[in-house]
Amino acid sequence: MYSYIKGTLEEISEDQIVVENHGIGYNIRISARMLDVLPTRGEEIKIYTYLYVKEDAFSLFGFPSRDELEMFKLLINVSGIGPKGGLAVLSVLSANDLRYAIVAEDVKTISKAPGVGSKTAKRLIIELKDKIDLEEVIENGFEQVEASNPVSGSNNRIRKEAADALVALGYSATEASKVLSGIEITEDSDVERVLKAALKNMAFL
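Per UniProt numbering, the sequence shown starts with residue 1, numbered consecutively.
This is the structure in structure tokens:
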């Protein structure tokens, strides 16, 4: 029903905001992570929304990007998750970090979400793993880094090969993504050099 709402941010609380648009105040549930990217009260905001309908209530859930909204839609279709659980997962993991955790079958990372135990995390992985493309996730994960540092067309290839090597060494795809996203690729970089830098930085994760 609503793709997104654009208006003035009027109220902010721990788990929801109020956005005014043409005299109507929309009460929107948000994740804890989104609190960090909200503008100040009185400023304009564009928030992607999902309308959840129950017999006795209509609830709006809001997200900073369409990508996160789409991940939320996948989550709420997992048995035992629902909107509350989906929001809890996205409160501790970004959409792309969650994708990495799913393809890596990283139960521990997903279980960090409030109210999501290991059994639910395993079910989430089983039900969503076939819907996540690892190659696409790796490419998306490095897209912004590549855009800000376009030294050559080989950057993505170097990062992907380094990510594959880290996974082969026993690290999770989630860990590989995080550590590689912080490593700058230059004209002199090669897979071996990037891999050595990644291994050195793993201790600081």
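For each residue, glycine too, the CB sits at the ideal point set by N, CA and C.
With the rule of 3 Cβ pairs closer than 8 Å, the segment 2 to 17 counts as touching the segment 33 to 51.
Take Thr174, set aside five residues on each side of it, and the residues of its chain with a beta-carbon closer than 8 Å to its own are Asp97, Tyr100, Ala101, Ala104, Asp106 and Thr109, in chain order. The alpha-carbon of Lys84 is positioned some 10 Å away from that of Leu75. Ser172 and Val53 have their alpha carbons spaced roughly 37 Å apart.
The beta carbon of Ser111 lies closer than 7 Å to those of Gly117, Ser118 and Ala121 in the same chain, with the five residues before and after it left out. Here Phe63 is not near Leu38, since their CB atoms are 9 Å or more apart.
The criterion of a C-beta distance shorter than 9 Å is satisfied by Ala198 and Leu180. Taking the Cα positions, Lys73 is about 18 Å away from Ala57.
Ranking Leu166, Leu35 and Gly82 by CA distance to the CA of Arg123 puts Gly82 first.
Following the DSSP letters along the chain, one finds Leu128 inside the alpha helix (DSSP H) bounded by residues Ser118 to Leu128. Out of Ile12, Glu44, Gly23 and Asn21, the CA that lies nearest to the CA of Arg29 is found in Ile12.
The beta carbon of Ala95 lies closer than 6 Å to those of Asp67, Glu68 and Met71 in the same chain, with the five residues before and after it left out. In the structure shown, Ser59 falls within a strand segment according to DSSP collapsed to helix, strand and coil. The three-state secondary structure of Tyr171, taken from DSSP, is coil. In the DSSP annotation of this structure, the continuous segment of the alpha helix (DSSP H) that includes Thr109 starts and ends at Val107 to Ile110.
Check the Cα spacing between Asn201 and each of Gly182, Ile126, Asp15 and Thr8: the tightest is with Gly182. Leu69: member of the alpha helix (DSSP H) spanning Arg66 to Leu75, first to last residue.
Less than 9 Å divides the Cβ of Asp15 from the Cβ of Leu87. Within the DSSP bridge table, the entry for Gly25 names Glu20 as partners.
Leaving aside the five residues that flank Thr8 on each side, the residues in its chain whose CB is nearer than 8 Å to its CB run, in chain order, Val19, Glu20, Asn21, Gly42, Glu43, Glu44 and Ile45. A Cβ-Cβ distance of about 6 Å is found for the pair Glu10 and Gly25, placing them in contact under the 8 Å criterion.
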